[in-house]
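First the structure, in the form of structure tokens, and then the observations on it.
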Amino acid sequence: MAPGIQLLAMVVTRKVEFSASHTCRVPEFTEEENVRMFGAEASRNGHGHNYVLEVSVEGEPDRVTGMVIDLKRLKDILEEQIVYPMDHRYLNAEVEPFDRVVPTSENLARVIWKRLAPLLNTEQTSLARLRLFETPDFYVEISDSRRI
Amino acid sequence: MISITKSYSFSASHRLHSPLLSDQENAAVFGKCNNPHGHGHNYVLSATVRGEVDERTGLIVPVSVLDRLVHEKVLQLFAHRNINVDVPQFRNLVPTTENVAVVIAAVLQEHWGEYLGSYEARLARVHIQETDRNGVEVLLPAVSEAGRALKESELVHA
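Here you go:
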């Protein structure tokens, strides 16, 4: 067993990457309105990003294994729920619900949170934080699902 | 809670020197950052905006508007400047990374309404990376919670 110190929380983070294309446009908007709202993200024929997703899980390390969560299990969940369905896809056409919801990073992060939360919120663990990098200098963070 | 964070880089020079300290004390406190002719850094500013996601657009705020605010009010002020000489807020303020972060937060809050006033969003955090090895993070209260915004007069003057 680990030395008996008081912990406020323990959080483990796993990172995965996926590459996908998208375009951000509201169908009812004019071309000008879309460009004003989304800038280059509104490109007519779509464009791609190397998304980087950091998922943080909070919990107490298991007394026997010393792990908050089996990282292999976390990796499998991320692969199944996020990477496999989204990697090398055109989000607007191939990934639910982006045929009707604009695939901004905010919405993509919200969809990812909703896919992961039921699997990671267990008696032992909870989904504590998610960071989705669209580019190295732009990311969305969700740390509490109550107001997303 | 959901937020977006955008990073911007700018290069600027500064010298850490307090008029309240003797030359000897300045050298002792600030070390090589006290060198008389100053020196420069490639700073990275990261601004975090927290708010409601608009259900129609999927955005907290249009990033292009945040970009414009940062470019016009912060980068214009700091990029390729000598912070001690060229940035008025530092006339009587030591340009430590801490103070650079607070001044940038104050500038962004001061002009927030002009650019982003129509969105349910606020500046939640300013992070300044001075080098790859050191950074300062300022967490900001919601103005309504704090009852006031940061004002220049409230900064700690050296």
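One line per chain: the protein sequences are L and D, in this order. Counting in this note's numbering, the first sequence runs from 121 upward without gaps. Counting in this note's numbering, the second sequence runs from 1276 upward without gaps. A virtual CB, placed ideally from N, CA and C, is assigned to each residue, including glycine.
- At a cut-off of 9 Å, the C-beta of Gly1333/D has a neighbouring C-beta in chain L.
- Short of 6 Å from the beta carbon of Thr1280/D, and not among the five residues preceding or following it, lie these beta carbons of its own chain, in chain order: Ser1321, Thr1323.
- Contact check between the region 188-204 of chain L and the region 159-169 of chain L: fewer than three CB pairs, one atom from each, fall below 8 Å, which does not count as touching.
- Look at Tyr1283/D: its C-beta is under 9 Å from a C-beta on chain L.
- Below the 7 Å Cβ cutoff, chain L contributes no neighbours of Ser1293/D, its closest Cβ being approximately 33 Å away.
- In the pairwise beta carbon analysis, the region 1343-1360 of chain D is classified as not touching the region 1294-1303 of chain D: fewer than three pairs are separated by under 8 Å.
- Contact residues of the region 220-234 of chain L toward chain D are Val221, Val222, Pro223, Thr224, Ser225, Glu226, Asn227, Ala229, Arg230 (C-beta to C-beta distance below 8 Å).
- Fewer than three pairs of CB atoms, one per stretch, sit closer than 8 Å, so the region 144-157 of chain L makes no contact with the region 168-186 of chain L.
- Among the bridge pairs identified by DSSP, Gln1404/D is matched with Val1319/D, Gly1410/D.
- Under the three-pair Cβ rule at 8 Å, the region 1285-1302 of chain D does not count as touching the region 242-262 of chain L.
- Between Lys234/L and Leu173/L, the C-beta gap is not smaller than 9 Å, which leaves the two residues out of contact.
- Leaving aside the five residues that flank Ile1358/D on each side, the residues in its chain whose CB is nearer than 8 Å to its CB run, in chain order, Ala1287, Ser1288, His1289, Phe1365, Pro1370, Val1375.
- Shown in chain order are the members of the region 1333-1365 of chain D whose Cβ falls below 7 Å from a Cβ of chain L: Gly1333, Leu1334, Ile1335, Pro1337, Val1338, Ser1339.
- In the DSSP assignment, the residues bridged to Ser176/L are Thr133/L, Arg249/L.
- Counted as a single uninterrupted DSSP element, the alpha helix (DSSP H) harbouring Phe1305/D occupies residues 1298-1305.
- With respect to the C-alpha of Arg1408/D, the residue from Tyr1318/D, Leu1291/D, His1312/D having the closest C-alpha is Tyr1318/D.
- Under the three-state reduction of DSSP output, Ser139/L falls in the strand class.
- A Cβ-Cβ separation of about 6 Å places Leu1415/D in contact with Leu1398/D under the 8 Å criterion.
- When C-beta distances to chain D are compared with 7 Å, the residues of the region 159-176 of chain L below that value are Gly159, in chain order.
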